[in-house]
Amino acid sequence: MKITEFLKHHYRHFNAAALIDAAEGYKTHLEEGGKMMVTLAGAMSTAELGISLAEMIRQDKVQIITCTGANLEEDVFNLVAHDYYERIPNYRELSPAQEQDLLERHMNRVTDTCIPEMEAMRRIENVILEEWMKADQAGEAYFPHEFFYKILLSGKLDDSFQIDPKNSWLLEAAKKNLPIIVPGWEDSTLGNMFAGHVISGDVKNVHTVRSGIEYMMFLAEWYTQNATEESKVGFFQIGGGIAGDFPICVVPMLHQDLQRDNVPLWGYFCQISDSTTSYGSYSGAVPNEKITWGKLGLETPKFIIESDATIVAPLVFAIVLGQ
275 MKITEFLKHH YRHFNAAALI DAAEGYKTHL EEGGKMMVTL AGAMSTAELG ISLAEMIRQD
335 KVQIITCTGA NLEEDVFNLV AHDYYERIPN YRELSPAQEQ DLLERHMNRV TDTCIPEMEA
395 MRRIENVILE EWMKADQAGE AYFPHEFFYK ILLSGKLDDS FQIDPKNSWL LEAAKKNLPI
455 IVPGWEDSTL GNMFAGHVIS GDVKNVHTVR SGIEYMMFLA EWYTQNATEE SKVGFFQIGG
515 GIAGDFPICV VPMLHQDLQR DNVPLWGYFC QISDSTTSYG SYSGAVPNEK ITWGKLGLET
575 PKFIIESDAT IVAPLVFAIV LGQ
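If you use this note's numbering, the sequence shown corresponds to residues 275 to 597, in order.
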């Protein structure tokens, strides 16, 4: 039985039914000529969401991505150091002393998975530092994702791949030169490393890596060029936080701050979230609240799936891909 057939037979009510409705809405949005932004919060790359997301990119089911700095870099960490990762299924039982042992072995834990600092983070630092310094010395500036595109497409890392490269969503995005927005990149391992290299003088100009404000300006231009009443842009939000909060604001910014007319609202919205829907939690705000902020309209298809994105997102993607 195909995945879609199984899901449609068994997933009939509650969050299960919301998953089906959201996936069918995603398909309809694309079939009607729309484009889709996918946003990645949390540690989706370390959860190896790239296995399904890369295929979505290959099949043109995603036209733009917004992600945290962690998701940007952790896809590449996994690409080059997967064999050195350690899974700890009993992570809930770890004592503080055992956590200290992991630190002393330079194993940075993300829930049940430890990222090896030397094999992953420092290896990528050495490669990307060359690009930072080269751009700095040439008086050039690039976005964080553009530096990753440079090193991935250069072939420098090819001999270091430890997973099938078709499962790297960032590599697939690089091949298509997919636009990526990375708000708050400074809050990432490589963001910290970049700050260190500016402080130590290896990089002279802090603006060698372009900023979040420039990302919003880039997104405003992209949205203006790509969003029309005939071809609206949808918003598929995985998790909460800045990965979703930052890009969704481009629409009210164009309307309210630039006073532009005829800017289409987002044409589809879905959020996969386990955030409590109350107490001022933006990530837990139901889609209707976004109407009051000028992000979604009365007629915008709106879905919220209150569940674990590592379970839900691959299933939604399977339906969209017709699997």
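Idealized CB from N, CA, C, for every residue including glycine.
Just so it is clear, the structure is predicted and the values come from calculations on it, not from any experiment.
How far does the alpha helix (DSSP H) with Leu532 in it extend, from its first residue to its last? Taking the sequence shown and counting its residues from 1, the one referred to as residue 532 is at position 258. Where Leu532 is concerned, there is no enclosing alpha helix (DSSP H), given that its DSSP letter is neither H nor E.
Should Ile398 and Phe351 be called a contact, given that it needs their Cβ atoms to be closer than 8 Å? Here residue 398 refers to the residue found at position 124 of the sequence shown. Here residue 351 refers to the residue found at position 77 of the sequence shown. In contact: Ile398 and Phe351 (Cβ atoms closer than 8 Å).
Helix, strand or coil for Thr340, going by three-state DSSP, please let me know. Along the sequence shown, one-based indexing puts residue 340 at 66. Thr340: strand per DSSP, three-state reduction.
Using the beta-carbon count (16 or more within 10 Å), is Ile487 buried or exposed? Here residue 487 corresponds to residue number 213 of the sequence shown, with the count starting at 1. Flag for Ile487 reads exposed.
Asn382 lies in the beta strand (DSSP E); which residues open and close that run? In the sequence shown, counting from the first residue as 1, residue 382 sits at position 108. Its beta strand (DSSP E) spans residues Met381 to Val384.
Is the beta carbon of Leu464 sitting closer than 8 Å to the one on Gly308? The residue you call residue 464 lines up with position 190 of the sequence shown. The residue you call residue 308 lines up with position 34 of the sequence shown. It is not a contact, given that the beta carbons lie outside the stated cut-off.
Taking all protein chains shown into account, do 16 or more other C-beta atoms lie within 10 angstroms of the C-beta of Ala291, making it buried, or fewer, making it exposed? Within the sequence shown, numbered from 1, the residue matching residue 291 stands at position 17. When all chains shown are included, Ala291 counts as exposed.
Residues in its own chain within less than 7 Å of Ser581 by CB, not counting five upstream and five downstream? Within the sequence shown, the letter at position 307 stands for residue 581. So the qualifying residues of the chain are Asn289, Ile546 and Asp548.
Going straight from the alpha carbon of Glu446 to that of Leu595, what length do you get? Counting from one through the sequence shown, the residue named residue 446 turns up at place 172. Counting from one through the sequence shown, the residue named residue 595 turns up at place 321. Each residue's Cα considered, the two are about 16 Å apart.
Could you give the DSSP three-state label for Gly508: helix, strand or coil? Numbered from its first residue, the sequence shown carries residue 508 at position 234. Three-state DSSP puts Gly508 in a strand.
Looking at the structure shown, is Pro644 part of a helix, part of a strand, or coil, going by DSSP? Because the chain spans 275 through 597 in this model, residue 644 falls outside it and cannot be assessed.
Segment contact, 8 Å Cβ cut-off, at least three pairs: the stretch 406-425 with the stretch 293-312: No, they do not touch.
CA nearest to the CA of Ser434, picked from Tyr497, His356, Ile389 and Gln374: Within the sequence shown, the letter at position 160 stands for residue 434. Closest option to Ser434, Cα to Cα, is His356.
Any chance you could list the beta strand (DSSP E) runs of at least 3 consecutive residues sitting entirely within the stretch 545-581, in chain order? 576-580
Apart from the five residues just before and just after Leu532, which ones in its own chain have a Cβ nearer than 8 Å to its Cβ? Taking the first residue of the sequence shown as 1, we reach residue 532 at position 258. The residues are Ala494.
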